[in-house]
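Numbering (the working numbering), first residue to last: 1 to 400. Every residue gets a Cβ at the ideal spot worked out from N, C-alpha and C, and that includes glycine. First the structure, in the form of structure tokens, and then the observations on it.
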Amino acid sequence: MIRARLLPLVLVSLLALPSCEKPAPTYGPFVPPSDRDYDRALPPGALALRKIPPEQYPDFRPGFINREGLERAINYSLQYMAKPSSRKYYPYGDISHERARASLVQFLQVLQSSRSPEEFDQAIKSQFDVYESVGYDGEGTVFFTGYYTPIFDARRQRDREFRYPLYRLPPDLVKDEEGNTLGRRVAGGGVVPGYPTRRQIEEGRLLDGLELVYLRNPFEAYIVNVQGSARLRMADGTLLELGYAGNNGHAYTPIARAMIEDGAIKRSELSLQTLRRYFQEHPDQVFHYAWRNDRYVFFQELAGGPYGSIGVPVTAFRSIATDKSVFPRACVAFLQANLPRVSGGEVVQTPYATFALDQDTGGAIRAAGRCDIWMGIGSGAEALAGRTGSEGQLYYVFVK
1 MIRARLLPLV LVSLLALPSC EKPAPTYGPF VPPSDRDYDR ALPPGALALR KIPPEQYPDF
61 RPGFINREGL ERAINYSLQY MAKPSSRKYY PYGDISHERA RASLVQFLQV LQSSRSPEEF
121 DQAIKSQFDV YESVGYDGEG TVFFTGYYTP IFDARRQRDR EFRYPLYRLP PDLVKDEEGN
181 TLGRRVAGGG VVPGYPTRRQ IEEGRLLDGL ELVYLRNPFE AYIVNVQGSA RLRMADGTLL
241 ELGYAGNNGH AYTPIARAMI EDGAIKRSEL SLQTLRRYFQ EHPDQVFHYA WRNDRYVFFQ
301 ELAGGPYGSI GVPVTAFRSI ATDKSVFPRA CVAFLQANLP RVSGGEVVQT PYATFALDQD
361 TGGAIRAAGR CDIWMGIGSG AEALAGRTGS EGQLYYVFVK
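What follows is the structure in structure tokens.
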């Protein structure tokens, strides 16, 4: 998941864009509207993308106006596509590995040679075929959320203040070649399907001895677990980078849904900051809600990240996470949605349209109706990611 940079001014400029073609309703983060099943699975063997005719192409001009960090992200995708291991994920439908890589090269050339938004828009439309995600409803509706990399204080050793651990990957956890958790290795070498839940791990202290670091409060530990990476300030002032190493194989369940149902928070006020405030006022409720989410993530020390699931650094607002069982890896995407930006000291929702690279995945990101945008590192990124939740459209471009 970006080589560490906090870009408060860039984050603002990235969000100051022309209006999307289709106004997108905005909802609170984490919990989509209950009457919309954005995680609806596609039929067996179906893929998320369908080719659309030229009259349905979106306006690509905002992608030229808003291009901070885009070339860097494209080059990261090209690094991935140069690896022999990337070939096993292609063809994707009618898209060969060669065409996917050529699309990245050609898109970069168009980006560098275009002299105006209009020239850029016409070049994309004349040189590329455009594909659209079918969305959750078959009509192209995708629910966008945001994620980020937090910065917290931490310690190597447990003490009275720092008591809540993050764990390294357990040696008895068995994964397949794709990194999916199969189960737990037992005495004699056999594998028992499934791995303990979050509650079983924490309540039973099943991973004692595998602690990487300790955090100050349990909700901070939970945030790191959900986001999948962290920068941690150690006692000597150094920053320790933690990256994703694996998970226990259980499905992700957003705790905010249960909190809304219980009346602990209001949907209209939902944000990561609201959750943080609630647990500061009700520290006894952290585990009560955290244990509703069975999924548990394990970490490793990993400098130079955060890294996406394809093994390259992610770039703020240039890297997206999708379900890699139905979306193509490393390719050029174009998204339209409402996203938050800072205006007059307040966070407001603004139409957003830009190009990004499909470089990551996530436990909560399933099927054709979901997309997660990596928004950076630290408190500024948290303020944005914690208020992101909007319907929109997701397109991909492939050279003709």
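Within 9 Å, strictly: CB atoms of residue i and residue j
| i | j | result |
| --- | --- | --- |
| Tyr395 | Leu335 | yes |
| Pro170 | Leu210 | yes |
| Glu391 | Val134 | no |
| Ala100 | Val326 | no |
| Phe398 | Ser103 | yes |
| Gly183 | Glu241 | no |
| Tyr278 | Gln285 | yes |
| Pro62 | Ala353 | yes |
| Phe162 | Tyr214 | yes |
| Ala426 | Arg216 | Past the edges of the chain, shown from 1 to 400, lies residue 426, and the structure says nothing about it. |
| Arg276 | Phe219 | yes |
| Gln359 | Ala41 | no |
| Glu382 | Gln280 | no |
| Ser229 | Gly243 | yes |
| Pro54 | Gln393 | no |
| Asp294 | Thr197 | yes |
| Phe287 | Arg160 | no |
| Glu377 | Pro150 | Rather than Glu, the amino acid found at residue 377 in this sequence is Ile. A contact, by the Cβ cut-off of 9 Å. |
| Arg205 | Tyr131 | no |
| Asp372 | Thr145 | yes |
| Pro328 | Tyr136 | no |
| Leu212 | Arg158 | no |
| Phe152 | Leu207 | no |
| Gln112 | Glu68 | no |
Environment of residue i [buried if 16+ CB atoms lie within 10 Å]
| i | result |
| --- | --- |
| Met375 | buried |
| Met81 | buried |
| Ser126 | exposed |
| Glu21 | In this predicted model, Glu21 has a pLDDT of only 35, less than 50, meaning its place in the structure is not dependable; the value taken from the coordinates is given anyway. Under this definition Glu21 is an exposed residue. |
| Ala251 | exposed |
| Ser271 | buried |
| Ser343 | exposed |
| Ala367 | buried |
| Glu139 | exposed |
| Pro23 | In this predicted model, Pro23 has a pLDDT of only 34, less than 50, meaning its place in the structure is not dependable; the value taken from the coordinates is given anyway. Under this definition Pro23 is an exposed residue. |
| Asn66 | buried |
| Ala385 | buried |
| Val348 | exposed |
| Arg179 | The displayed chain sequence assigns Gly, not Arg, to residue 179. Exposed, because fewer than 16 other Cβ atoms sit within 10 Å of the Cβ of Gly179. |
| Ser319 | buried |
| Leu239 | exposed |
| Ser379 | exposed |
| Met1 | Any reading at Met1 is ruled out, since the residue's pLDDT is 44, under 50, leaving its predicted position unreliable. |
| Asp94 | exposed |
| Arg156 | exposed |
| Pro44 | exposed |
| Asn75 | exposed |
| Ala330 | buried |
| Tyr177 | The sequence as given places Glu at residue 177; Tyr does not occur at that position. Exposed, by the Cβ-count rule. |
| Thr388 | buried |
Start-to-end residues for the alpha helix (DSSP H) that takes in residue i
| i | result |
| --- | --- |
| Pro62 | Arg61 to Ile65 |
| Ala102 | His97 to Ser113 |
| Asp172 | No alpha helix (DSSP H) contains Asp172, which DSSP labels as neither H nor E. |
| Phe162 | First-last for Phe162: undefined, no H or E at that position. |
| Lys125 | Pro117 to Gln127 |
| Ser77 | Leu70 to Met81 |
| Phe287 | Val286 to Ala290 |
Paired residues, beta bridge with residue i - DSSP
| i | result |
| --- | --- |
| Asp360 | Ala321 |
| Ala353 | Gln336 |
| Gly146 | Ile373 |
| Arg50 | Glu132 |
| Pro313 | Tyr307 |
| Val347 | Val342 |
| Gly138 | DSSP, once it has assigned bridges, lists no residue as partnering Gly138. |
| Tyr92 | Ile95 |
Range of the contiguous beta strand (DSSP E) that encloses residue i
| i | result |
| --- | --- |
| Gln336 | Val332 to Ser343 |
| Arg155 | Ile151 to Arg155 |
| Ile377 | Arg370 to Ile377 |
| Glu281 | It is not in any beta strand (DSSP E) - Glu281 instead sits in the alpha helix (DSSP H) that spans Leu272 to Glu281. |
| Tyr38 | Run containing Tyr38: none; DSSP gives neither H nor E here. |
| Phe398 | Ser390 to Val399 |
| Phe327 | That residue, Phe327, is in no beta strand (DSSP E); it is neither H nor E in DSSP. |
| Glu269 | Run containing Glu269: none; DSSP gives neither H nor E here. |
| Gln300 | Val297 to Glu301 |
is_contact[residue i, chain D] using C-beta, thresh 9 Å
| i | result |
| --- | --- |
| Tyr289 | As a matter of chain content, chain D is missing from the structure shown, which is built from one protein chain. |
(request) Can you check the stretch 184-264 for any beta strand (DSSP E) of at least 3 residues that lies completely inside it and give the ranges in chain order? (result) 191-193, 211-215, 230-233 and 239-247
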